[in-house]
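Numbering (my numbering), first residue to last: 754 to 908.
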């Protein structure tokens with residue numbers, strides 16, 4: 754279980770400030786999806802950001818922003834324009850993590866630099882342009898922080 758933000762984050766993990774800058778390069782109507790740290794496990798749609806403060810290994814309170822998995826048909830699914838508005842007032846130094854549901858409890862991972870891609874519906878062949886936030890393996894990968902899980906109601 755993760756209890757603290759690690760002192761040494763992976764070099765490719767981004768902050769909310771980085772994410773804001775990257776989203777400005779995307780089209781407003783693009784969906785924002787997350788990729789699990791193991792790319793073979795696929796991507797998932799993201800919902801409304803939840804906020805928490807987690808102690809770092811040095812004892813400081815660090816803002817962590819959880820971007821949770823939602824059903825693609827959920828009305829809260831994030832597009833670039835909606836995500837930009839949701840994170841606009843968040844501190845640039847905050848650390849975003851993606852959170853997804855699994856049978857063993859919700860895991861989380863830091864995110865890396867965004868990529869642009871397409872998701873294709875296998876049944877219809879319909880393609881949608883997306884911004885992909887890749888999961889980054891490192892000290893923030895593991896069980897999601899309790900404050901984020903409680904805020905999501907995933908206890």
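Beta carbons: idealized from backbone N, C-alpha and C, even for Gly.
Outcome for residue i when other beta-carbon atoms lying within 10 angstroms are tallied against a minimum of 16
i           : result
residue 859 : buried
residue 898 : buried
residue 862 : buried
residue 811 : exposed
residue 780 : exposed
Where residue i sits in the DSSP three-state scheme
i           : result
residue 839 : helix
residue 775 : helix
residue 785 : strand
residue 808 : strand
residue 900 : helix
residue 881 : strand
residue 833 : helix
residue 905 : helix
residue 818 : strand
residue 858 : coil
residue 770 : helix
residue 847 : coil
residue 863 : strand
residue 895 : strand
Euclidean distance between Cα positions of residue i and residue j
i           : j           : result
residue 802 : residue 881 : 22 Å
residue 828 : residue 808 : 33 Å
residue 764 : residue 847 : 15 Å
residue 786 : residue 815 : 24 Å
residue 775 : residue 890 : 20 Å
residue 870 : residue 759 : 31 Å
For residue i: DSSP bridge partner residues
i           : result
residue 796 : 788
residue 870 : 883
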